[in-house]
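Under my numbering, the first residue of the sequence shown carries the number 43, and numbering increases by one thereafter.
Don't be surprised by glycine CBs; every beta carbon is placed ideally from N, CA and C.
Small disclaimer: the values here were computed from a predicted structure and weren't measured.
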Amino acid sequence: MAERNLDFDKIIDRRNTRSLKYDFAKRRGMPEDVLPLWVADMDFETSSYIQDALIERVNHGIFGYSEVQTPYFEIVRNWMKIHHNWIPEEKWLIKTPGVVFALAMAVRAYTEAGDSVLIQQPVYYPFSEVIEDNGRKVVSNDLILENNSYHIDFEDFENKIVKNNIKLFLFCSPHNPAGRVWTVEELRKIGDICLKHNVIVVSDEIHQDFVFRGKHTVFANLGEKYQQNCIICTSPSKTFNLASMLISNIFIPNTQLRRKFRKEVDASGMSQLNVLGLVATEIAYSKGEEWYCKMIEYIRGNIDFVRNFVENNLPKVKMIETEGTYLVWLDFRGTGLSADELDAIIIHKAKLWLDSGKIFGKCGEGFQRINVACPQSILKEALERIKNVL
Ligand SMILES: Cc1ncc(COP(=O)(O)O)c(C=O)c1O
Numbered sequence: 043m044a045e046r047n048l049d050f051d052k053i054i055d056r057r058n059t060r061s062l063k064y065d066f067a068k069r070r071g072m073p074e075d076v077l078p079l080w081v082a083d084m085d086f087e088t089s090s091y092i093q094d095a096l097i098e099r100v101n102h103g104i105f106g107y108s109e110v111q112t113p114y115f116e117i118v119r120n121w122m123k124i125h126h127n128w129i130p131e132e133k134w135l136i137k138t139p140g141v142v143f144a145l146a147m148a149v150r151a152y153t154e155a156g157d158s159v160l161i162q163q164p165v166y167y168p169f170s171e172v173i174e175d176n177g178r179k180v181v182s183n184d185l186i187l188e189n190n191s192y193h194i195d196f197e198d199f200e201n202k203i204v205k206n207n208i209k210l211f212l213f214c215s216p217h218n219p220a221g222r223v224w225t226v227e228e229l230r231k232i233g234d235i236c237l238k239h240n241v242i243v244v245s246d247e248i249h250q251d252f253v254f255r256g257k258h259t260v261f262a263n264l265g266e267k268y269q270q271n272c273i274i275c276t277s278p279s280k281t282f283n284l285a286s287m288l289i290s291n292i293f294i295p296n297t298q299l300r301r302k303f304r305k306e307v308d309a310s311g312m313s314q315l316n317v318l319g320l321v322a323t324e325i326a327y328s329k330g331e332e333w334y335c336k337m338i339e340y341i342r343g344n345i346d347f348v349r350n351f352v353e354n355n356l357p358k359v360k361m362i363e364t365e366g367t368y369l370v371w372l373d374f375r376g377t378g379l380s381a382d383e384l385d386a387i388i389i390h391k392a393k394l395w396l397d398s399g400k401i402f403g404k405c406g407e408g409f410q411r412i413n414v415a416c417p418q419s420i421l422k423e424a425l426e427r428i429k430n431v432l
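Below, the structure written as C-alpha cells:
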C-alpha cells in the first residue's frame with residue numbers, strides 16, 4: 043500500500059487529544075485562545091505505515107512487557123548508515139524513554155552532586171534543568187551571534203572547562219534553537235579540547251534528520267578517539283513526530299562509559315519500553331522514507347517562507363539562519379522592546395504561544411522561537427499577527 047499521509051497543508055484539529063501544545067494553554071498561564079507554535083512536535087500526521095502498524099499492534103489487544111526482536115537494531119543501524127554514513131554496533135545501544143531522560147542519566151552517571159556541567163546557551167532549556175534538578179551547576183559557553191549566525195568561542199569553551207573543573211559537556215547537534223549544523227572542523231575542535239581535559243561529550247543529535255544547509259556529522263564518526271569519549275543521543279521522535287511514544291536510541295561505544303550509564307538507568311527503575319514506541323521506530327526507519335523526504339521539503343518551504351516574510355514585512359526583526367531543526371529563532375532586539383514587553387505583546391496582543399527566548403538562557407532575551415512544523419497557512423497566520431502587533 044502506498045503512503046497516504048503526504049498532505050502537509052491539511053489542518054488537523056489537535057484540540058482535546060491530550061496535546062501538550064494545544065490543550066494546556068490556560069493551565070500553563072496562556073490565554074485560552076492562543077495559537078500554539080511552541081513545543082517541538084509537528085502538526086502533521088506521521089507516516090501512514092506507522093499509523094497502520096500501530097493500529098495492527100493495538101488490535102492485538104495485549105500490552106504486556108515487551109522487548110525488541112532481531113530486526114530492530116538492523117533497522118536503526120540502516121537508517122544511521124544511509125542518512126548519516128555512520129555504522130553503530132549493536133552492543134553500543136541503550137534504549138531509553140526519551141532523550142531528556144538520557145541526558146539526566148548522563149549527568150548522574152558522569153558527575154557528582156555539586157559538579158559543574160558545560161552547555162552552550164541559548165540552548166534547549168531541559169539541558170539546564172537536568173543539570174540543576176540533579177544538584178549540579180550550569181556553566182555556559184554562550185554561543186556568539188555574528189552576521190546572523192551562531193559560532194563557538196573556543197577560547198571561552200576551554201577556559202570555562204579549566205576554571206570550573208568540567209567533566210561533562212551537553213552538546214546540542216544540530217543546535218536548538220541556534221539552528222546550527224556544526225561543521226567537521228567545529229566538531230573536531232570541540233572533541234580535541236574535551237579530550238585534552240577529560241571532558242565527556244554527550245551529543246544530543248535528536249535533530250540530526252533536519253538539515254537544510256551543510257551536512258550533519260555524527261560526533262562518534264569523527265574518529266576512534268572521539269568515539270571513545272562520547273554518548274550519542276538519537277530518536278525517531280522528532281523525525282517522525284512520535285514524541286509521546288517515549289523511545290530513544292542512545293549509543294555509547296566506550297565500554298566503561300556504557301556500564302556507568304546503564305547502572306544509572308537500572309537505578310532509575312526503568313526496565314522495558316512501551317511496545318508502541320518499539321513498533322513505531324521499526325516502521326519509521328524501515329518504511330518512512332517517502333514521508334520523511336516530503337516532510338523535509340515541506341519544512342524547507344516553511345523556513346523559506348519565514349525568511350521571505352521577515353525580510354519583506356518585519357524590518358525590525360531578524361531571522362537567524364536555520365541550517366538545521368524545524369525551530370526558527372527570531373531576533374526581536376531591533377524593536378527596542380524589553381524581553382518582558384516582547385513576551386506580553388506576543389502572548390496577549392498577537393495571541394501567539396511561542397517559546398520565549400529567555401527560557402533558553404540569559405543570552406536568549408529579546409528572541410522568540412517559532413516551530414515551523416505546521417501547515418503553511420498556520421505559519422502565515424502567526425507571522426501576520428506578529429506583523430500587526432509590531
Ligand atoms: C535538543 C533536544 N533534545 C531533546 C528533546 C526532547 O527529547 P525527548 O522528548 O526524547 O526527551 C528535544 C525536543 O524538543 C530537543 O530539542
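Three-state secondary structure (DSSP) at residue i?
i	result
residue 88	coil
residue 94	helix
residue 255	coil
residue 78	strand
residue 330	coil
residue 57	coil
residue 135	strand
residue 47	coil
residue 124	helix
residue 72	coil
residue 410	strand
residue 358	coil
residue 425	helix
residue 158	strand
residue 366	strand
For residue i, which option in the options has the closest C-alpha, if you only look at C-alpha atoms?
i	options	result
residue 292	133, 183 and 73	133
residue 320	70, 47, 95 and 87	95
residue 269	280, 308, 385 and 297	297
residue 368	141, 278, 253 and 327	253
residue 381	345, 309, 60 and 401	401
residue 311	138, 57, 121 and 359	138
residue 213	154, 278 and 144	144
residue 413	237, 209 and 370	370
residue 347	417, 375 and 165	417
residue 219	68, 82, 100 and 427	82
residue 390	427, 407, 306 and 422	427
residue 257	263, 225, 238 and 242	225
residue 156	174, 164 and 167	174
residue 123	259, 357 and 169	259
residue 167	415, 423 and 406	406
residue 159	141, 230 and 210	210
Leaving out five residues before and five after residue i in sequence, what residues of the same chain have Cβ atoms less than 7 Å from its Cβ?
i	result
residue 195	183 and 186
residue 340	50
residue 385	398
residue 332	45
residue 176	146, 149 and 150
residue 58	65
residue 431	387, 391 and 392
residue 344	414, 418 and 421
Between residue i and the rest of its own chain, which residues show a CB-CB distance below 6 Å, the 5 nearest in sequence each way excluded?
i	result
residue 251	281
residue 217	none
residue 425	351
residue 273	148, 244 and 294
residue 326	92, 278 and 282
residue 56	64
residue 116	none
Going along the chain, which residues of its own chain have a beta-carbon closer than 8 Å to the beta-carbon of residue i, five neighbours each way excluded?
i	result
residue 420	53, 77, 79 and 85
message: Just to confirm the assignment: which complete beta strand (DSSP E) runs, minimum length 3, are found wholly within the segment 262–328?
response: 272–276 and 290–293
message: Just to confirm the assignment: which complete alpha helix (DSSP H) runs, minimum length 4, are found wholly within the segment 370–408?
response: 381–386
message: Going residue by residue through the segment 174–261, where are the continuous alpha helix (DSSP H) segments of at least 4 residues, counting only ones entirely within it?
response: 196–205 and 226–238
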